[in-house]
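One structure is given below, encoded as structure tokens.
Residue numbers (UniProt numbering): 1 to 219.
Structure representation (structure tokens):
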């Protein structure tokens, strides 16, 4: 389960975001000041939503300490100077209040996708993968995969949002064996994998067919 940290002194907004992100499968961490925000960083959230105006200072103080944690500013300050300062501090994005929750969710997905290949873990909706330990969990429960199923899932998630062909999957997952394995093997393995990771068998959320082209993980 991906962790999202929210540093925001508006408690009503905190509550609204808490409900929104828990529905999306996130674990939500809260802070209401710079001091609490800096302390929150110790929990290593996967992404940090950060306001600029905080009771004990400016959110830039938290951003500069975030290091490898991707930061998305969520603030009422729309001055160009603040935006430039935020990007100079290394933020991934800058959203001005009021904002669309749907746009916010999409931006968070993009940031997590962009940073997925730089870490040992991957999170999407309620699915989590630890590449190093070769472990997959769905809604916190361990999912038992075969070696090929895990390799296939790893390849798809490391190309999240991109269409990959059956030929590419054979080459990357089956490697030299690909010369002796038919495309039907890919379809069978995809179907087995879906049964193990999909929450609702009638609604595909993770691995989708793109007719005549291949498969895509996510949107």
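Cβ coordinates follow ideal geometry from the N, Cα and C atoms, glycine included.
Euclidean distance between Cα positions of residue 142 and residue 67
Straight-line Cα distance between these residues: approximately 30 angstroms.
Looking at residue 213 and residue 163, is the spacing between their C-beta atoms short of 8 angstroms?
Less than 8 angstroms divides the Cβ of residue 163 from the Cβ of residue 213.
Return the first residue and the last residue of the beta strand (DSSP E) that residue 72 is part of.
Its beta strand (DSSP E) spans residues 71-75.
Rounded separation between residue 172 and residue 219 - CA only
Counting only the Cα atoms, residue 219 lies some 21 angstroms from residue 172.
Beta-carbon separation of residue 34 and residue 56 under 8 angstroms?
Yes.
Flag residue 47 as yes when its Cβ comes closer than 7 angstroms to any non-hydrogen atom of the ligand MG, and as no otherwise.
The ligand content of the structure shown is nil, which means the ligand MG is not present either.
Check each candidate in 37, 25 and 13 and name the one with the smallest Cα separation from residue 5.
The shortest C-alpha to C-alpha distance from residue 5 to any of 37, 25 and 13 is the one to 37.
Output yes or no for whether 8 angstroms exceeds the beta carbon distance between residue 186 and residue 139.
Against a cut-off of 8 angstroms, the Cβ pair of residue 139 and residue 186 comes out as no contact.
Quick check: the region 66-81 against the region 125-135, are at least 3 beta-carbon pairs closer than 8 angstroms?
Contact between the region 125-135 and the region 66-81 is not established, with fewer than three Cβ pairs separated by less than 8 angstroms.
Anyone know if the C-beta pair for residue 20 and residue 31 falls short of 8 angstroms?
No; because the gap between Cβ atoms is not below 8 angstroms, this pair is not in contact.
Using DSSP with H/G/I as helix, E/B as strand and the rest coil, what is residue 22?
DSSP places residue 22 in helix when its eight states are reduced to three.
Please classify residue 206 as buried or exposed, where buried requires at least 16 other C-beta atoms within 10 Å of its C-beta.
That one is buried.
Which residues bound the alpha helix (DSSP H) around residue 157?
Here the alpha helix (DSSP H) through residue 157 covers 147-157.
Could you tell me how far apart the beta carbons of residue 72 and residue 107 are, in whole angstroms, since I believe they sit closer than 8 angstroms?
Confirmed, Cβ separation roughly 7 angstroms.
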